[in-house]
Amino acid sequence: MSKKVAKKIKMIIAWWQATPAPPVWSMLWAAWVAINDFCQAFNDKTKDQKWKMLPTKITVFDDKTFEFYTTQPKATTLIKEKISLKKGSAKSHIDKVAKITETQLKEIAEEKMQDTNANDVDACVKTLAWTCRSMGITVEWGV
Numbered sequence: 856m857s858k859k860v861a862k863k864i865k866m867i868i869a870w871w872q873a874t875p876a877p878p879v880w881s882m883l884w885a886a887w888v889a890i891n892d893f894c895q896a897f898n899d900k901t902k903d904q905k906w907k908m909l910p911t912k913i914t915v916f917d918d919k920t921f922e923f924y925t926t927q928p929k930a931t932t933l934i935k936e937k938i939s940l941k942k943g944s945a946k947s948h949i950d951k952v953a954k955i956t957e958t959q960l961k962e963i964a965e966e967k968m969q970d971t972n973a974n975d976v977d978a979c980v981k982t983l984a985w986t987c988r989s990m991g992i993t994v995e996w997g998v
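If you use this note's numbering, the sequence shown corresponds to residues 856 to 998, in order.
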């Protein structure tokens, strides 16, 4: 028999840093979840994903048990990390702030592939290229 879902919670938590303090505490306290159990499970699952802010989706059931899963960070975050960029361009169609190679985009696409609806890595690379364009980043194809 399946459990009845009581609440769904979305939040972004830093890798291996879930603590029974705000904002984690305030979001889970309202759903009557055992906060220490969640923090321990989250930290155990994410200790190998260093220095990432992980979008996390938590499903809380009527019996106060929970399930959660994490996804890769947003594409813009991964792109900025890859090329050491602090901020994209405010006028992306005019001001270009950085360059990224096709090889770097493929590395990001392989990492992000599980969270996208792209059929293959090449399609994911094209999607990431459009994201770069909107950030004011020039893509160097064939490099």
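Heads up, the beta-carbon is just placed ideally off N, CA and C, and yes, glycines get one too.
For valine 998, no alpha helix (DSSP H) encloses it, and the DSSP letter there is neither H nor E. A Cβ-Cβ distance of about 7 Å is found for the pair lysine 912 and lysine 863, placing them in contact under the 8 Å criterion. Residue environment analysis places threonine 925 among the buried positions, since at least 16 neighbouring C-beta atoms fall within 10 angstroms of its C-beta. Under the DSSP assignment, alanine 984 falls outside any beta strand (DSSP E), being part of the alpha helix (DSSP H) whose first and last residues are 976–990.
Excluding five sequence positions before and after leucine 933, the CB atoms of its chain that fall closer than 6 Å to its own CB belong to Ile963, given in chain order. Here DSSP, grouped into helix, strand and coil, assigns valine 915 to strand. Separation of the CB atoms of serine 947 and methionine 990 is rounded to 6 Å, and the pair is thereby assigned contact status at 8 Å. Taking C-beta separations shorter than 6 Å and ignoring five residues to either side along the sequence, the partners of lysine 951 in its chain run Gly991 and Thr993, following chain order.
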